[in-house]
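Reading the sequence shown from the start, the letters are residues 107 to 258 in this note's numbering. A virtual CB, placed ideally from N, CA and C, is assigned to each residue, including glycine. Below: the structure, in structure tokens.
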Amino acid sequence: MNTNYVSDTAQRTAGMFSGQSYRGGVLVIDDEAAICKVVRMALEKDGYYVVDAEDGAQAIRILNEGEHPVVIDVIITDIRMPNINGIEAIKYFQREYPSVPLIVLTGFPDIDLATQLMKQGITDYLVKPVDRKKLHTAVADAIASRHLDWFA
107 MNTNYVSDTA QRTAGMFSGQ SYRGGVLVID DEAAICKVVR MALEKDGYYV
157 VDAEDGAQAI RILNEGEHPV VIDVIITDIR MPNINGIEAI KYFQREYPSV
207 PLIVLTGFPD IDLATQLMKQ GITDYLVKPV DRKKLHTAVA DAIASRHLDW
257 FA
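Structure (structure tokens):
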């Protein structure tokens with residue numbers, strides 16, 4: 107478990123409310139710390155507030171713990187992870203946070219799974235290593251679609 111996630115999250119949350127301009131909050135879930143770091147750095151460089159988790163269980167705790175849950179506009183999740191895998195996490199997020207768009211970022215491309223997940227409401231299905239521009243576009247589009255839903 108990433109023992110620094112609480113202090114990292116607290117520091118980024120403090121920054122979020124210090125007058126800095128953020129494009130939105132992103133939760134990145136991947137059991138590979140290097141992937142989380144690369145995605146977090148790319149998205150933070152693009153102006154997003156980013157929190158990461160090493161699996162679905164930690165992601166659920168991050169979203170639900172404390173008096174003031176983290177504000178997340180989009181969730182990016184891997185599929186193959188220990189504890190609570192991506193498929194289980196997606197089902198949970200769709201049930202508990204139905205307005206938050208979900209993006210899959212996986213190292214194991216599977217056309218049948220991608221098609222199935224897209225039919226179930228996943229916003230995008232990306233394959234590692236993902237191009238930074240493609241990642242940015244997927245996140246921006248997901249957040250824009252969420253904001254459009256507010257006015258539907």
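| Asked | Found |
| --- | --- |
| Tell me, which residues are paired with TYR155 by DSSP? | GLY131 |
| Quick check on this structure: which residue in ALA139, VAL144, ILE228, GLU150 has the alpha carbon closest to the alpha carbon of VAL132? | GLU150 |
| Starting from the C-beta of THR182, find all residues in its chain whose C-beta is less than 6 angstroms away, skip the five residues before and the five after it, and write them out in chain order. | Rather than Thr, the amino acid found at residue 182 in this sequence is Ile. Cβ within range, chain order: VAL134, ILE209, LEU211. |
| Excluding the five sequence neighbours on either side, which residues of its own chain have a C-beta within less than 7 angstroms of the C-beta of TYR128, listed in chain order? | MET122, GLY153, TYR154, TYR155 |
| Mapping DSSP to helix, strand and coil, what is ILE181? | strand |
| Would you give the residue range spanned by the alpha helix (DSSP H) that THR221 belongs to? | 217 to 225 |
| Cα separation between GLU202 and ASP237? | 30 angstroms |
| With DSSP run on the structure shown, which of helix, strand or coil describes LEU243? | The sequence shown places Thr at residue 243, not Leu. Residue state, collapsed to three classes: helix. |
| From ALA220 to ILE193, what distance separates their C-alpha atoms? | 11 angstroms |
| Less than 8 angstroms between the C-beta atoms of ASP230 and ASP184, yes or no? | no |
| Near VAL206, which residues of its chain fall below 8 angstroms by C-beta distance, leaving aside the five closest residues on each side in sequence? | ILE178, ASP179, VAL180, ILE181, PHE199, ARG252 |
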